[in-house]
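Under UniProt numbering, the first residue of the sequence shown is numbered 1, with each subsequent residue one higher. Beta carbons: idealized from backbone N, C-alpha and C, even for Gly.
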Amino acid sequence: MAEADNETTAKGEEPLLSVRHLRKSYGDHEVLKDVSFDVRRGQVLVLLGPSGSGKSTLIRCLNGLETIQGGEIRFKGEVVPNNSEKAWRRLRTEIGMVFQSYDLFPNLTVAKNIELGPTKVQKRPKAEVDEQMDRLLADVQLSEYKNAYPRELSGGQKQRIAIVRALAMNPELMLFDEVTASLDPEMVREVLELMLRLAKRHMTMIVVTHEMEFARRVADTVMFLENGVILERQSGSDFFTNPETDRARNFLDSMSPVGDE
Ligand SMILES: Nc1ncnc2c1ncn2[C@@H]1O[C@H](COP(=O)(O)OP(=O)(O)OP(=O)(O)O)[C@@H](O)[C@H]1O
Ligand SMILES: [Mg+2]
Numbered sequence: 001m002a003e004a005d006n007e008t009t010a011k012g013e014e015p016l017l018s019v020r021h022l023r024k025s026y027g028d029h030e031v032l033k034d035v036s037f038d039v040r041r042g043q044v045l046v047l048l049g050p051s052g053s054g055k056s057t058l059i060r061c062l063n064g065l066e067t068i069q070g071g072e073i074r075f076k077g078e079v080v081p082n083n084s085e086k087a088w089r090r091l092r093t094e095i096g097m098v099f100q101s102y103d104l105f106p107n108l109t110v111a112k113n114i115e116l117g118p119t120k121v122q123k124r125p126k127a128e129v130d131e132q133m134d135r136l137l138a139d140v141q142l143s144e145y146k147n148a149y150p151r152e153l154s155g156g157q158k159q160r161i162a163i164v165r166a167l168a169m170n171p172e173l174m175l176f177d178e179v180t181a182s183l184d185p186e187m188v189r190e191v192l193e194l195m196l197r198l199a200k201r202h203m204t205m206i207v208v209t210h211e212m213e214f215a216r217r218v219a220d221t222v223m224f225l226e227n228g229v230i231l232e233r234q235s236g237s238d239f240f241t242n243p244e245t246d247r248a249r250n251f252l253d254s255m256s257p258v259g260d261e
């Protein structure tokens, strides 16, 4: 994704998501320290950083799954009242999240898993939702599994259904936290390719991943986090070719394939 494309299309527009001075602690342990950044519509922001740097915590804060100790989160120009479960319940219909463990309801078919949010939470007509579901399932080549139960699906298939389920809500922002981390290698590709297609269609996404080749291809912008602080934020192409800090350079070296010099 070319950074320039987004810069020109989004000029003058207010960011879809705006985070200012976000602070998150667990007890005395401050995990996010004064984190500020924006995400434009259509932008793909890849969040990188060592284990424990706060990536998952940040993603969870952006879906109201963590209480925060300070700062401000704005979505579509409106401040989200801090730690308001009511506000987040509404926003979770606009901000989709998929994480490592595909959390499909085991007792519901694929179709019921997908329909639940759009019909029960968004109260959209079932016929319209079903039509959209059929399109989404065809897109991920899983139409034949519509009436299957999650236990009948492979890990990669489950994860694609989890993504379809989030997309069926027509989210304006998608959050992905290591969605391929628990998949067998041969299933990783199909999930990453789905995410690349979403990016090409200008879905706004924040992506945490350990798949560096994928990160390089999908990222408009990379944000490198360490100890809850944003150490670097720059275009994907600059980050991967010429990181600003030694810390990021070492990180990239540590992520390169074994045996690479
Ligand atoms: N529920 C929790 N209670 C206490 N501390 C927590 C909790 N969740 C995370 N932490 C701490 O917050 C810090 C950041 O964790 P987080 O899971 O956000 O890191 P991460 O960057 O996602 O790491 P990884 O790459 O391993 O997934 C870590 O020090 C972790 O121990
Ligand atoms: Mg994590």
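Residue i and residue j closer than 7 Å at C-beta
i: residue 46; j: residue 168; result: no
i: residue 33; j: residue 228; result: yes
i: residue 205; j: residue 174; result: yes
i: residue 116; j: residue 224; result: no
i: residue 214; j: residue 198; result: no
i: residue 264; j: residue 189; result: Not covered by the structure: residue 264. The range shown for the chain is 1 to 261.
i: residue 100; j: residue 186; result: no
i: residue 77; j: residue 14; result: yes
i: residue 79; j: residue 87; result: no
i: residue 183; j: residue 155; result: yes
i: residue 119; j: residue 147; result: no
i: residue 137; j: residue 143; result: yes
i: residue 171; j: residue 94; result: yes
i: residue 217; j: residue 240; result: no
i: residue 249; j: residue 231; result: no
Residue span of the alpha helix (DSSP H) that contains residue i, given as start and end
i: residue 254; result: 246–255
i: residue 56; result: 55–61
i: residue 96; result: It is not in any alpha helix (DSSP H) - residue 96 instead sits in the beta strand (DSSP E) that spans 95–99.
i: residue 157; result: 155–167
i: residue 35; result: Premise fails: residue 35 lies in the beta strand (DSSP E), 29–39, not in any alpha helix (DSSP H).
i: residue 75; result: Segment 70–75 is the beta strand (DSSP E) holding residue 75; no alpha helix (DSSP H) there.
i: residue 132; result: 126–139
i: residue 200; result: 185–200
i: residue 233; result: Run containing residue 233: none in the alpha helix (DSSP H); it sits in the beta strand (DSSP E), 229–235.
i: residue 276; result: Missing from the structure shown is residue 276; the chain here goes from 1 to 261 and no further.
Residues near residue i by beta carbon distance below 8 Å, same chain, minus five either side
i: residue 158; result: 102, 104, 150
i: residue 22; result: 32, 34, 35, 36, 58, 61, 68, 70, 71, 72, 73
i: residue 4; result: Residue placement at residue 4 cannot be trusted, given a pLDDT of 43 that sits under 50; what the coordinates show is reported in the next sentence. Cβ neighbours of residue 4 beyond the five flanking positions: none.
Sequence-distant residues of its chain with Cβ nearer than 7 Å to residue i (five each side left out)
i: residue 52; result: none
i: residue 6; result: Bear in mind that a pLDDT of 44 at residue 6, under 50, signals an unreliable position, so the model cannot answer this.
i: residue 25; result: 31, 69
i: residue 122; result: 93, 169
N- and C-terminal bounds of the beta strand (DSSP E) containing residue i
i: residue 225; result: 221–226
i: residue 24; result: 17–26
Residues near residue i in its chain [Cβ-Cβ closer than 6 Å; skip 5 each side]
i: residue 98; result: 162, 163, 166, 176, 179
i: residue 106; result: 150
Quick one, what's near ligand 1 if you take every residue whose CB is closer than 5 Å to any heavy atom, in chain order? 26, 31, 51, 52, 53, 54, 55, 56, 57
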